[in-house]
Structure formats: C-alpha cells, structure tokens
Amino acid sequence: MGKAVLGALVALLAPVVAAAQGISRAESWGAVATAAPGPVRIIGSTGLGCIAGAVELPDEGPGWQSVRVSRNRHWGHPAMVAWVEAFAGRAHARGFPDLWIGDLSQPRGGPMTFGHASHQAGIDADIWLDLNPKPFVPAAQRERIPEVSLVLPDGSGVDPARFTDRHAALIRLAAEMPGLDRLLVNPAIKRELCRRHGGEAWLRRVRPWRGHDSHMHIRLPCPAGQSECRGIAPPPAGDGCDATLDWWFTPEARRPPPRRPGPAPVMPAACAGVLSAP
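Just so you know, the sequence shown maps onto residues -19 to -1, 1 to 259 in mature numbering (1 follows the signal peptide of the UniProt record, and there is no 0).
Put into structure tokens, the structure is as follows:
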C-alpha cells in the first residue's frame, strides 16, 4: 500500500479510532450537543449503552418545567419523551403543580460525567418530588433550584414533616401509567408506601434503590422494534413489601463494600459510530 493511500486511510479512520478510544469516557459523550442523525436506535442497556435518533423534551410544557437545562440531558427515545409529557399532563389534570423534570439522557446517551450510572439509552427520566406551587420560572433560574430530601438523615424512614399523602398519590399515578417498566425511589419511601398501601398491585412497579430521596426515577422497557436494546427482567411478583425490602435497612446494604478495581466496562462496539456521527 502506497504512503499516499495509507495516509488517506488513516485520515479517514481517525474519527472512528478516536471515538473507539474514548467510547467509555463520559467526557466524550457529554461534549456532543446534538442527537445522532437517522432513525431511532437504542444500543445496549441503560447502564452501558447509547442512542441514535433521540428527541429532546421541550424546556417546559403543560404540567412541567425542566431543570438544569444547561446540562443538555433532556433527550430520549420518542416513547420516553411522550411518556413524560403525558404523565405531566395527567398530573396537572389531577391538581398537581408543575413538575420539575430532571435528567433524561444526553443527546446520544452514553455515560455521564456525574450524577448517574444509568440514563445511557434514552429510556430513563428523573421527576422531582417537589410538590410546592410553582409559577413559571425562566430556564436560567432553574439551574439553581435545590433538591429537598423527603427522607430522614439516617435513612430510617421518610421525614414526616415533608412526605405527605400527595407524594404517595403522585408516585402511584406514575406507577399506574401505561408503558412503565419500573419506578425507583429511596428504600425509606418504598417502606412508607408499603405502610400506607401494602398489597396494592401498583406497588410492584415501585422498587427501592439508593439515593432517590428527592425524586423518582422512571424507566421504560426496551421499546418495540429496538432489537439491540438490552433490558432487565421484569419486577418480581408481589408488592415488594417483604424481606427484600427489609434488606435495604441492614448494615450490609447501608454500607456496601468499595467496588473492586478493574478494567472499565466496554461499551457496545456499535456505539462508536453513534458517538462519531456528524
């Protein structure tokens, strides 16, 4: 192969090589401001994946106002964006104030520099549990709105001065929405929901997870037609108000051992093309 041909080939492959080398670096994904062109395509999982053809949730709409807009993390599969819009509209019709919408995914998904281990495939969304009345707030002023925990500092239960029947009603409204896979909340919130509503079918979709003391994490299943999307098993049968919930309050769960060092997880190979697309 001649030097001229070799040089041209190297130049042609340089963006792909750079993307492959940086494919697991969150900075690479966060630096891309727009969605990858073409039809919507989810590759991999919410914890190790990407998305092409994502759409952006508007900064505000009937029943919601997005927060931290400067992060550029309000992108997702069209089904995810439609779910958020429909849920906010339904909550508004039930008399709830505007909802603060936190992170969905980055324009092309992938890992983030801070804040989440998931949200990588366009089928996750954070909805804050702030039910105070909200006038319209300009997007620039929504950068600094503080999140307020609904859980006691020691994690043993919800803060009775903050968690109300209305919070339980909003979580139930989300859990009963069509198209939901599961809804993550702090274990203390899950336990309080069990105390108030144990045995009710909608609790099956509400699962405990660390953090999530000020917001609920919405996750959709892999949408139809997304054969490269890797989902997880459906929630177990029952309301989840059993020994599996009790485990979250044990010393083992509350003080997990540090993660062992090892090689960084490898993104699906096809995500290199998503990252490097113009």
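Glycine is no exception: its CB is placed at the ideal position from the N, C-alpha and C atoms. Being a predicted model, the structure only gives us computed values, none of them experimental.
- The criterion of a C-beta distance shorter than 8 Å is satisfied by GLY90 and ALA102.
- The continuous beta strand (DSSP E) containing ILE24 extends over residues 22 to 26.
- Counting only runs that start and end inside the segment 184 to 249, the beta strand (DSSP E) elements of at least 3 residues fall at 187 to 189 and 196 to 200.
- The shortest C-alpha to C-alpha distance from PRO168 to any of LEU151, LEU80 and VAL139 is the one to VAL139.
- When the beta-carbon positions are compared, ASP220 and ARG185 come within less than 8 Å of each other.
- According to the DSSP secondary-structure assignment, ARG143 is paired through a beta bridge with no residue.
- Under the three-state reduction of DSSP, SER86 is assigned to strand.
- A distance of 8 Å or more separates the beta carbons of GLY96 and ASP111.
- In the assembly as shown, ASP146 is an exposed residue. Its beta-carbon has fewer than 16 other beta-carbons within 10 Å.
- In the DSSP secondary-structure assignment, LEU29 is bridged to SER26.
- In this structure, the alpha-carbon of ALA7 lies about 29 Å from that of PRO216.
- The C-beta distance from HIS58 to VAL21 rounds to 6 Å, short enough to meet the 8 Å contact threshold.
- Remark: C-beta atoms of ALA69 and GLY44 approach each other more closely than 8 Å.
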